[in-house]
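Numbering (my numbering), first residue to last: 22 to 317.
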């Protein structure tokens, strides 16, 4: 595919997506969230084959699930992802609700102490619930959270994607050499940074996640050790009414990068097992780690 054709495809797909966003944003907030979830679950997921990916991952790590529960998760995951997408692109309404939420868990006091001492804090989460709710909740309490993001391959998408993130909270750091350097400076100056742990990195060490080998980057733990930063697991889990509970766990003790990262994996695993429909099972988390996986 030549560059002109690819650019045209990017432009068209962006126009279609922006048209969808415009149309759905004409609805009241709660209605648009529900409708986007239904569209993702009943239309997009079957067409794109993501249901098969979810089933394969569930069969690998949770084979004991009854068929009915597995089917519930297969339908529920894209519904949750559809809601999350529109929450992300409704930053004003989303932030207003999240700012009112209270934190739970034992880690908040440690974060407050670290910030009072000028010590950097790394908030570690995964693709479960809505991680942007963590950012919005801290911003609502007067904190500033730095976020790391990967530039999207579609440049038209990337423009509004970054703008939506910035509307929830700043500063933002692109996943590049320059962006990483800026994030490190921010962390060393005593800032708070939010990072997502559960993305597969093909050159990362093999640790355990959900009882299976999974390549997991240890870079967050390495930075925490190098810059004496607090490293804290935290989650924003959706409740039955569609609101969120912001859970801040105790900081992970500084030991070795592998031990610390395994504890982070274990923390996320507990959340996934408790709320399986809210985790992004569409990602092949266990690929290239020696598992006998089913074909995608």
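For every residue, glycine included, the Cβ atom is placed at its ideal position computed from N, Cα and C.
Among the candidates the options, whose CA atom is the shortest distance from the CA of residue i?
{"i": "residue 250", "options": "134, 123 and 147", "result": "134"}
{"i": "residue 152", "options": "211, 190 and 175", "result": "190"}
{"i": "residue 198", "options": "171, 275, 143 and 106", "result": "171"}
{"i": "residue 293", "options": "221, 51 and 94", "result": "94"}
{"i": "residue 245", "options": "100, 278 and 178", "result": "278"}
Quick check: what's the CA-CA separation for residue i versus residue j?
{"i": "residue 45", "j": "residue 256", "result": "27 Å"}
{"i": "residue 58", "j": "residue 254", "result": "27 Å"}
{"i": "residue 209", "j": "residue 140", "result": "8 Å"}
{"i": "residue 68", "j": "residue 102", "result": "15 Å"}
{"i": "residue 62", "j": "residue 55", "result": "11 Å"}
{"i": "residue 37", "j": "residue 77", "result": "30 Å"}
{"i": "residue 229", "j": "residue 285", "result": "10 Å"}
{"i": "residue 234", "j": "residue 83", "result": "14 Å"}
{"i": "residue 165", "j": "residue 87", "result": "43 Å"}
What do you reckon, is the C-beta of residue i under 7 Å from a heavy atom of the ligand MN?
{"i": "residue 51", "result": "Only the bare structure without any ligand can be found here, which leaves the ligand MN out of the picture."}
Applying the 10 Å Cβ sphere with the 16-neighbour rule, what's the burial state of residue i?
{"i": "residue 156", "result": "buried"}
{"i": "residue 25", "result": "exposed"}
{"i": "residue 120", "result": "exposed"}
{"i": "residue 110", "result": "buried"}
{"i": "residue 311", "result": "exposed"}
{"i": "residue 30", "result": "exposed"}
According to DSSP, what are the bridge partners of residue i?
{"i": "residue 247", "result": "Answer is none; residue 247 lacks a bridge partner."}
{"i": "residue 169", "result": "194"}
{"i": "residue 65", "result": "The partner list for residue 65 (beta bridge, DSSP) is empty, contrary to what the question assumes."}
{"i": "residue 234", "result": "229"}
{"i": "residue 257", "result": "267"}
I'd like to check one pair, residue j with residue i: are the Cβ atoms closer than 8 Å?
{"i": "residue 213", "j": "residue 144", "result": "yes"}
{"i": "residue 307", "j": "residue 177", "result": "no"}
{"i": "residue 309", "j": "residue 223", "result": "yes"}
{"i": "residue 128", "j": "residue 289", "result": "no"}
{"i": "residue 188", "j": "residue 267", "result": "no"}
{"i": "residue 185", "j": "residue 112", "result": "yes"}
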